[in-house]
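Structure first, commentary second.
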Amino acid sequence: MKRTLISELDNDHLGKTVTVEGWIHEIKRLKSVDFIMLRDKTGIVQVTVKKTETPIGIDLGSLTRESVMRVTGEFPEKQISKKMKEITASKIDLLNVAATPLPLPVAENIESDLETRLNNRFLDLRRHENYAIFHTKSNLLWGIRSFLHTHGFVEVNTPKIVASSTEGGADLFRVQYFEMDAYLNQSPQLYKEILISSGFERVFEVGPAFRAEKHNTTYHLNEFTSIDIEMGFSNHEDAMAMLEGSVKSGIENALSHAHNSGNYQLRMLEVPELPFPRVEYSKCLSMVQNAGGKIEFGEDFGPEHLRVIGEKYPGFYFITKWPSELRPFYTMVDPDDETLTNSFDLQFREREITSGAQRVHDPEMLRRRFVAKGLNPEDFQFYLNAFRYGMPPHAGWGLGLERLAMILLDLKNIRETSLFPRDRTRIVP
Ligand code: AMO
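No gaps in the numbering here: position 285 of the sequence shown is 302 in the numbering used here, and each next residue is one more.
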């Protein structure tokens, strides 16, 4: 038995016997004929069951929505419906019966609230528009991966159970690791830098990052997918070029594989033009101050400030040269102005998608940066060691995949882009 996907039913199959498998989307019972709308991940087909011919030996009256079945039948030369492909059933195997009532509608166009949807995520994900989100996210990531591969990056996997913080002490999830205290990693930052000293020169990682941030917003998750790169013999300008190239390649790939199999409209950004504008922090600061914002040099932009900047830059843009006090210990100071750093964020309108920078590569400077940030260099000995025996200048970035997917698909809540989101109150399912 060869299964045909619904999207594969084309002119070559006309007049032939085919086998399709899927879930019962809807059942319509008429006098002399029954119609079953059968759904697989690629589409919906109308299965016609003629009552007189009783081809199947099962009681259609007992069929429930979302039950799983295999249908064998003819894909007739004459397709009557303009809207939907049709099959005339000669054999139906009921593979599994779905219980009733369904905790969440799949077929109807009823808007359920996000909480109910997430509680019943296995069913929610059966909706084609949700499959399309994850199909798009996969192609976005694939486009980024292939760009990095063609630019000499090797994909690595670094530990997620770690002994110390990378991005700041407060936002760590503590775990009991036998008789020791350990943490879930916030970012592969320290490990990707160590790999530069190990001579890998260009690495990237796609993996989970854990942040014990208490806020519950539409753009924060407590576990998100971080795409990280690190490149040796490079500075922040090189890293920015690699970032805009990656974003463009990801979007191009997502668009060229757009999944439009349901009766919904997938809205996506257009492929952006390069280079993205580079705007210095100090210029953004003036913009916000001129618009009446109360903010001083050295302070981070709040959501209302980023909205002001985003109005001037409605697409992707970099904010560069951030003040030293706002960036982590590993960030390289601007050699022309010690108050600034060779750092950047990639923004889309008011939303941050990526942080990156050239890094400190001199071990003595790194030690001073630890102290200046109130950290004890002894706690980072494993990291500092990698700097003592030949660390090249290097730069990199970390990109939040769910945030980029959210922007690409114009979704209002980041949870839509996570299969099983982890937020302040949710760890199930
Ligand atoms: P940063 O902490 O800015 O930098 O994180 C990088 C990117 O990760 C995404 N992100 C998040 N996405 C969803 N929910 C969250 N709670 C969340 N927190 C962060 C954002 C953000 O821009 N080590 C540095 C990167 C580097 O310099 O290489 C870092 O982790 O899109």
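A virtual CB, placed ideally from N, CA and C, is assigned to each residue, including glycine. No experiment lies behind these values; they were computed from the predicted model shown.
Leu-31 classed as buried or exposed, judged by whether at least 16 other C-beta atoms fall within 10 angstroms: Under this definition Leu-31 is an exposed residue.
Own chain, CB closer than 8 Å to Arg-284, minus 5 neighbours either side, in chain order: Take Arg-284, set aside five residues on each side of it, and the residues of its chain with a beta-carbon closer than 8 Å to its own are Leu-426, Asp-427, in chain order.
CA nearest to the CA of Gln-203, picked from Tyr-406, Phe-221, Glu-38, Ser-181: The option with the nearest alpha carbon to Gln-203 is Ser-181.
Cβ contact check for the region 104-114 and the region 84-91: 3 or more pairs under 8 Å: Judged by Cβ distances under 8 Å, the region 104-114 makes contact with the region 84-91, as three or more pairs qualify.
Residues of its chain near Leu-207, where Cβ-Cβ distance is below 7 Å and the 5 sequence neighbours each way are ignored: The beta carbon of Leu-207 lies closer than 7 Å to those of Thr-183, Tyr-400 in the same chain, with the five residues before and after it left out.
Residue of Pro-438, Phe-346, Ile-97 minimising C-alpha distance to Glu-210: The shortest Cα separation from Glu-210 among Pro-438, Phe-346, Ile-97 belongs to Phe-346.
Beta-carbon contacts of Leu-238 that lie in its chain and below 7 Å, excluding the five residues immediately before and after: Glu-419, Ile-431, Ser-435, Pro-438, Arg-439, Asp-440, listed in sequence order.
Met-408, DSSP secondary structure in three states: Judged by DSSP in its simplified three-state form, Met-408 adopts coil rather than helix or strand.
Whole-number beta carbon distance between Gly-60 and Ile-23, since they are thought to touch under 8 Å: Right, the Cβ-Cβ distance comes to about 4 Å (below 8 Å), so this counts as a contact.
Rounded straight-line distance, which links the Cα of Gly-39 to that of Arg-144: Near 13 Å, if we compare the C-alpha coordinates of Gly-39 and Arg-144.
Alpha-carbon to alpha-carbon, Met-382 and Ala-308: So the two alpha carbons sit approximately 38 Å from each other.
First through last residue of the alpha helix (DSSP H) which encompasses Asp-245: Membership of Asp-245 in any alpha helix (DSSP H) is not indicated; the residue belongs instead to the beta strand (DSSP E) covering 240-249.
Cβ shell of Arg-138 (< 8 Å), same chain only, five flanking positions each side left out: These residues qualify, in order along the chain: Leu-436, Phe-437, Pro-446.
DSSP-derived helix/strand/coil call for Asp-57: Strand at Asp-57.
Sub-8 Å separation of Phe-333 and Phe-293 beta-carbons: Yes, they are a contact pair.
Sheet register partners of Trp-40 (DSSP bridge): Paired residues: Arg-56, Val-85.
Option in Glu-261, Ala-422, Ile-161, Phe-217 with minimal Cα separation from Asn-270: Looking at the Cα atoms, Ile-161 is the closest of the given residues.
Under the three-state DSSP convention, the category Arg-46 falls into: Per DSSP, reduced to three states, the secondary structure at Arg-46 is strand.
Euclidean distance between Cα positions of Trp-159 and Gly-267: Using only the alpha carbons, I get a separation of about 7 Å.
Helix, strand or coil at Thr-348 [DSSP, three-state]: It is a strand residue.
Extent of the continuous alpha helix (DSSP H) run through Asp-255: From DSSP, the alpha helix (DSSP H) with Asp-255 extends over 253-273.
Strand pairing of Met-197, partner residues [DSSP]: Beta-bridge pairing links Met-197 to Tyr-194.
Three-state secondary structure (DSSP) of Arg-443: DSSP places Arg-443 in strand when its eight states are reduced to three.
Near ligand 1: Ser-243 beta-carbon under 7 Å from a heavy atom: Under cutoff, so the answer is yes.
For Arg-134, three-class secondary structure by DSSP: Three-state result, Arg-134: helix.
Buried versus exposed, by CB contacts within 10 Å (16 or more), Ser-303: Burial check for Ser-303: the Cβ neighbour count within 10 Å stays below 16, so the residue is exposed.
Pair within 8 Å by beta-carbon distance, Ile-178 and Val-192: Yes, they are a contact pair.
Reference Val-264, options Asp-353, Phe-365, Phe-241, Tyr-236, closest by Cα: The option with the nearest alpha carbon to Val-264 is Phe-365.
Per DSSP, the bridge partner or partners of Phe-217: Beta-bridge pairing links Phe-217 to no other residue.
Contact belief for Lys-338 with Leu-363 at Cβ below 8 Å, rounded distance in angstroms: With 8 Å as the limit, Lys-338 and Leu-363 do not qualify as a contact, their Cβ atoms being about 14 Å apart.
Reference Lys-33, options Gln-96, His-232, Met-54, closest by Cα: That would be Gln-96, whose Cα lies nearest to the Cα of Lys-33.
Best match in Pro-120, Pro-205, Leu-272, Leu-201 for proximity to Ala-187 [C-alpha to C-alpha]: Of the listed residues, the one whose Cα sits closest to Ala-187 is Leu-201.
Distance cut-off 7 Å: Leu-357 Cβ against heavy atoms of ligand 2: Although ligand 2 was asked about, the structure shown includes only ligand 1 as ligands.
Ile-127 - DSSP class collapsed to helix/strand/coil: DSSP places Ile-127 in coil when its eight states are reduced to three.
Boundaries of the beta strand (DSSP E) in which Leu-462 is found, first to last residue: Since the first residue of the chain shown is 18 and the last is 446, residue 462 is not available in this structure.
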